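Engineer: Take this structure, written in structure tokens, and hold onto it; I'll ask about it next.
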Amino acid sequence: MENLNITDTYLSLVRAALWGGDTLWAVEETERLLRLHCNQGTAALVFPHVLSQEDIPPQARMQMKGICLQNMQQQVHLQHILSVSWKALEKAGIQAVLMKGAGLAALYPELQQRAWGDIDLFVGQEQYHQSCAVMRETFPAALKFDEELDHYKHYNLIADGVSIEIHRVTINMQHPIDARRYARMEKEGMNKGERISVAGLEVTVPDPTFNAMFVMIHSWEHMTTNGANMRQICDVALLLHHYAEQIDRQQLKRNLNALHFMDVWQLFMWICVHGLGLPREEAPFYTDQCKDRAERLIEDLLMGRVMAPKSSKTTTKVRIIRKYHTMQERMKNAQRIRMYSPSYARHMVMEILLHGAMRFFAKDRHWE
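When we follow my numbering, the leftmost residue of the sequence shown carries the number 201, and every step to the right adds one.
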């Protein structure tokens, strides 16, 4: 692996913060480590753990303290908005499920060690429009950016500087067979959700088996588009650790295979075990066979190379040329993904061809 020393140092710091234990801050790499942890979303996790070390340069120490303080202050504000939102939905008789950020933060050694910047609430399709109305009534001064349309994944508003996303669905699958299969999994996973406490607020989070898969797919979705970070893989590791006895491995295996995600899942498992220190017995379907590809993914993730290439094509008003250019760009992206998961890249190609044909022949203008 390239940059072996900085990669090993970075990962050792993350492991120590996740599971406990001591590790040394590499003073000679202070600037790079600061940048890495900020870019990878692990600053709030690692910095409180290392601030007690005496050899951290004073300027870096001040920067770490500032980031930690800012994150703690932001969390208090976010928790307040979450509480107001959740109670408003409950009062309206709406059963919501808390997704991602705040629910995952509860799995960390300390709640404030998992930074989160918005609030994601799943309400499903039947409660969607009522939930959007409740949020507008609850936050009348909020900024509204997304339209309340039935083909959107979520409705978004900004309340007192906090983005609140009201989700019809958790993920938009492009392949129609994948979409139907995932919809059944989503319905079951959200209906079987469990109650947890987030800063004293009782909320519902997804069923652990579904949530582990969802969080992995959400991270992978970022990797195939605008980039991901190591914090998202930390989320997967902590979910598997916290719910080790509750994960239904047979159901998880069926779901991953049905959606063509088993190879991608195994990449994540290798990184969780060797990069983040998750016990191997808590990593379902772990295999060493993806070692080289997983190491490449870690390196590219830390170096900021895991994101779709920017389009080099100029826009055109000619519809067929525009569609062809879009398909070319997506095919290039599938070729990039082949480095990490050849099997999923093949599925991407089939998805791109089918989705492209559907968009080209669709009469409904929202396909444009």
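Beta carbons are placed, not taken as given, at the ideal position from N, Cα and C, and that holds for glycine. Just so you know, these numbers come straight off a predicted model, no measurement behind them.
Could you pull the DSSP bridge partners for residue 269 from this structure?
Structural biologist: DSSP lists no partner for residue 269.
Engineer: Can you tell me whether residue 356 is helix, strand or coil according to DSSP?
Structural biologist: strand
Engineer: Could you check whether residue 303 and residue 432 sit closer than 9 Å to each other, using their CB atoms as the reference points?
Structural biologist: no
Engineer: Using 8 Å as the threshold, is the region 363-378 in touch with the region 249-263, meaning 3 or more CB pairs across them?
Structural biologist: no
Engineer: Where residue 299 and residue 323 are concerned, what is the direct C-alpha to C-alpha distance, given to the nearest angstrom?
Structural biologist: 10 Å
Engineer: Could you tell me how far apart the beta carbons of residue 226 and residue 209 are, in whole angstroms, since I believe they sit closer than 8 Å?
Structural biologist: 5 Å
Engineer: With a 10 Å radius around its C-beta and 16 neighbouring C-beta atoms as the bar for buried, classify residue 319 as buried or exposed.
Structural biologist: buried
Engineer: For residue 380, collect the residues of the same chain with a Cβ closer than 7 Å to its Cβ; drop the 5 residues on either side in sequence, then sort them by chain order.
Structural biologist: none
Engineer: From what residue to what residue does the beta strand (DSSP E) around residue 319 run?
Structural biologist: 318-322
Engineer: Given that a residue counts as buried once 16 or more other Cβ atoms are within 10 Å of its Cβ, and exposed if not, what is residue 397?
Structural biologist: exposed
Engineer: I'd like to know if the region 446-465 and the region 400-417 are in contact, where contact means that at least 3 CB-CB pairs between them fall below 8 Å.
Structural biologist: yes
Engineer: Should residue 262 be labelled buried (16 or more other beta-carbon atoms within 10 Å of its own) or exposed?
Structural biologist: exposed
Engineer: Hey, which unbroken runs of the alpha helix (DSSP H) at 4 residues or more fall wholly within the region 356-396?
Structural biologist: 376-391
Engineer: Could you tell me the boundaries of the alpha helix (DSSP H) in which residue 299 lies?
Structural biologist: Unbroken run through residue 299 is the beta strand (DSSP E), 297-299; no alpha helix (DSSP H).
Engineer: Tell me which same chain residues have a C-beta within less than 6 Å of the C-beta of residue 420, skipping the five on either side of it?
Structural biologist: 464
Engineer: Rank 469, 247, 499 and 459 by C-alpha distance to the C-alpha of residue 315 and give the top, closest one.
Structural biologist: 247
Engineer: Helix, strand or coil: which one does DSSP assign to residue 554?
Structural biologist: Here residue 554 sits in helix by DSSP.
Engineer: To the nearest angstrom, how far is the alpha carbon of residue 201 from that of residue 415?
Structural biologist: Here the model assigns residue 201 a pLDDT of 43, short of 50, so the residue's position is not dependable, and the following value carries that caveat. Roughly 26 Å between the two C-alpha positions.
Engineer: Which of helix, strand or coil does DSSP assign to residue 402?
Structural biologist: strand
Engineer: Compute the Euclidean distance between the alpha carbons of residue 338 and residue 285, then round it to the nearest angstrom.
Structural biologist: Looking at the two C-alpha atoms, the distance is approximately 7 Å.
Engineer: Any chance you could list the alpha helix (DSSP H) runs of at least 4 consecutive residues sitting entirely within the region 221-309, in chain order?
Structural biologist: 230-239, 243-250, 258-291 and 301-305
Engineer: Run through DSSP, which three-state label would residue 440 get?
Structural biologist: In this structure, residue 440 counts as helix in the three-state DSSP scheme.
Engineer: For residue 425, does the count of other Cβ atoms within 10 angstroms reach 16, so buried, or fall short, so exposed?
Structural biologist: exposed
Engineer: Would you mind stating whether residue 401 and residue 283 have Cβ atoms separated by less than 9 Å?
Structural biologist: A Cβ-Cβ contact shorter than 9 Å links residue 401 with residue 283.
Engineer: Would you grab the beta carbon distance between residue 362 and residue 278 for me? Rounded to a whole angstrom, and I think it's under 8 Å.
Structural biologist: 6 Å
Engineer: Would you check whether the ligand FAD has a heavy atom nearer than 8 Å to the C-beta of residue 399?
Structural biologist: With respect to the ligand FAD, the structure shown offers nothing to examine, as it has no ligands at all.
Engineer: Inspect the beta-carbon positions of residue 321 and residue 364 and report whether they are closer than 9 Å.
Structural biologist: yes
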